[in-house]
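Residue numbers (the numbering used here): 100 to 183. Heads up, the beta-carbon is just placed ideally off N, CA and C, and yes, glycines get one too. Heads up, the thing below is written out as structure tokens.
As structure tokens, then:
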């Protein structure tokens with residue numbers, strides 16, 4: 100389980116921001132257990148969102164390089180796809 104996540108809960112759903120140095124495998128393990136929505140900076144510098152579909156982790160790529168904008172875009176995606 101990931102600890103010390105920054106959580107943006109200013110709107111629904113709450114989104115955790117993964118700190119640098121965490122692998123995608125660690126994110127998957129965390130989401131599989133906790134079912135949190137997480138935002139992680141990918142290797143290319145862009146943020147990607149990750150969430151649990153019920154059977155596996157889904158990734159929403161290319162959310163931008165700005166943390167606040169990426170959170171907003173990921174939240175909109177989740178709301179539009181009933182993943183809240």
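| Asked | Found |
| --- | --- |
| Measure from the alpha carbon of residue 105 to the alpha carbon of each residue in 124, 135, 131 and 128, then state which is nearest. | 135 |
| From residue 146 to residue 114, what does the alpha carbon distance come to, in whole angstroms? | 13 Å |
| For residue 124, is the classification buried or exposed, using 16 other Cβ atoms within 10 angstroms of its Cβ as the cut-off for buried? | exposed |
| Taking residue 212 and residue 116 to be in contact with their CB atoms under 8 Å, please state how far apart those CB atoms are, rounded to whole angstroms. | Given that the chain is displayed from residue 100 to residue 183, the structure contains no residue 212 and the question cannot be resolved. |
| Below 8 Å between beta carbons: does that hold for residue 121 and residue 100? | no |
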